[in-house]
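One structure below.
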Amino acid sequence: MSYRKTLKLICGFAGGSAVLFAAAVADSRGYFGEQSEEAAGRWSRFNVLQAAQPAWTPASHTPAPTGHAWDFNWDKRDPSSLSNGKKKESVTEDPSSEQDNGKPKATRNILLIRHSQYNLSGNSDKERILTPLGREQAELTGQRLAALGLKYDVLIHSSMARATETANIISKHLPGRVELVSCDLLREGAPIEPVPPVTHWKPDAVQYHEDGARIEAAFRRYIHRADPKQKEDSYEIIVCHANVIRYFVCRALQFPPEGWLRMGLNNGSITWLTIRPSGRVALRTLGDAGFMPPDKLTRT
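To convert, note that position 28 of the sequence shown is 28 in UniProt numbering; the numbers rise steadily by one, no gaps.
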């Protein structure tokens with residue numbers, strides 16, 4: 001059998017490292033018709049290449065877990081941890097039945113919408129209204145939410161002008177009459193000092209202290225599993241701001257909250273969180289804006 005056929009056979013049964021080794025040996029011995037000096041030079045270069053490759057073992061390619069185990073009582077609503085301290089009035093009462101009645105049964109779907117593009121040159125919040133492009137973006141987001149064919153239960157929005165205007169435009173596209181609720185807790189701010197830090201944006205410690213407490217309060221109000229009385233899955237829309245949404249995502253997924261600034265969100269984008277009755281949380285989409293034409297995408 002010729003050496004070339006042998007090499008092909010090796011290629012069929014061996015991994016890349018074996019093939020490289022076989023090719024290097026053949027090269028050094030001149031099987032490919034080269035002079036011995038040239039082959040020796042190639043063999044030397046192969047030794048350098050081989051030395052640069054780390055030795056592969058299953059252990060070296062398996063990432064070790066970092067951080068803590070999932071906390072199923074992250075929202076303090078795990079039925080097994082709740083106790084009202086009341087004594088049973090009857091010894092025949094079934095405690096398991098009472099516990100089952102207190103378990104959530106529905107899934108909450110929370111669609112976090114970043115406001116559309118707005119006037120950055122405004123001196124006050126009232127002047128920072130949507131640009132013509134921003135209004136187009138809000139229309140496109142509303143059309144996308146309507147096209148999903150979901151029954152929305154409520155539309156909550158930040159009380160800032162750009163979020164309120166975005167919510168009003170979106171609401172016109174939603175099927176049925178969806179209640180609009182304004183909330184000051186959802187206003188934009190500095191949730192927590194980001195890691196790694198950035199040079200172009202450095203709020204002072206007081207702003208982190210004040211905004212952080214408010215945005216955390218918003219998270220606790222809106223991001224949690226369903227109440228046991230809720231019978232059907234719900235779909236709730238929250239129109240707010242990039243910093244708020246990114247912080248919510250980190251907190252809900254139990255990621256380090258200081259990593260919130262590592263994500264980017266387009267204007268009018270949709271971030272979809274699902275919270276199961278068990279307390280499990282899933283991120284279905286992050287900053288989805290694929291429904292917008294490329295020339296309509298902005299991040300201001």
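The beta-carbon is built from N, C-alpha and C at its ideal position, and this holds for glycine as well.
For the candidate residues the options, whose alpha-carbon lies nearest to that of residue i?
| i | options | result |
| --- | --- | --- |
| Y118 | P79, E165, K103 | E165 |
| S124 | M160, A106, Q137 | M160 |
| I237 | Q207, I156, G189 | I156 |
| E210 | L286, A147, I245, E193 | E193 |
| A106 | P293, A64, S278 | S278 |
| D153 | N266, L297, P175 | P175 |
| N73 | R128, T300, P104 | P104 |
| V281 | R225, Q230, A69 | R225 |
| R187 | S158, W201, P196, A217 | S158 |
| R77 | A242, D227, C183, N243 | D227 |
| G287 | A252, F219, A242 | A242 |
| A252 | P132, P294, T62, D75 | D75 |
Can the beta-carbon of residue i be found less than 8 Å from the beta-carbon of residue j?
| i | j | result |
| --- | --- | --- |
| F291 | L140 | yes |
| residue 301 | I270 | Because the chain spans 1 through 300 in this model, residue 301 falls outside it and cannot be assessed. |
| residue 307 | Y235 | Residue 307 is absent from the structure shown; the chain starts at 1 and stops at 300. |
| R108 | I275 | yes |
| I249 | L283 | It should be pointed out that residue 249 corresponds to Val in this sequence rather than to Ile. Closer than 8 Å, so yes. |
| L111 | W272 | yes |
| P65 | G102 | no |
| V244 | A218 | yes |
| V195 | E258 | yes |
With a CB to CB cut of under 7 Å and the five nearest residues on each side skipped, what residues in its chain are close to residue i?
| i | result |
| --- | --- |
| D71 | Q254 |
| R221 | L185 |
| G134 | S116, Q117, Y118, N267 |
| A146 | H173, L174, P175 |
| Q137 | S116, Q117, N267, G268, M292, K296 |
| A289 | N266, G268, S269, L297 |
Using a Cβ-Cβ cutoff of less than 6 Å, which residues in the same chain neighbour residue i once the five nearest sequence positions on both sides are dropped?
| i | result |
| --- | --- |
| M263 | R246 |
| V198 | none |
| A190 | P203, Q207, Y208, D211 |
| Q230 | A106 |
Among all the DSSP beta bridges, which residues are the ones paired with residue i?
| i | result |
| --- | --- |
| L155 | L180, I237 |
| A218 | A218 pairs with nothing; no bridge assigned. |
| W272 | L111, T285 |
| Y118 | L130 |
Closer than 8 Å by C-beta to residue i: which residues in its own chain qualify, once you throw out the five before and the five after it? Chain order, please.
| i | result |
| --- | --- |
| I129 | Y118, N119, G122, A161, R162, E165 |
| G142 | I169, I170, S171, K172, H173, L174 |
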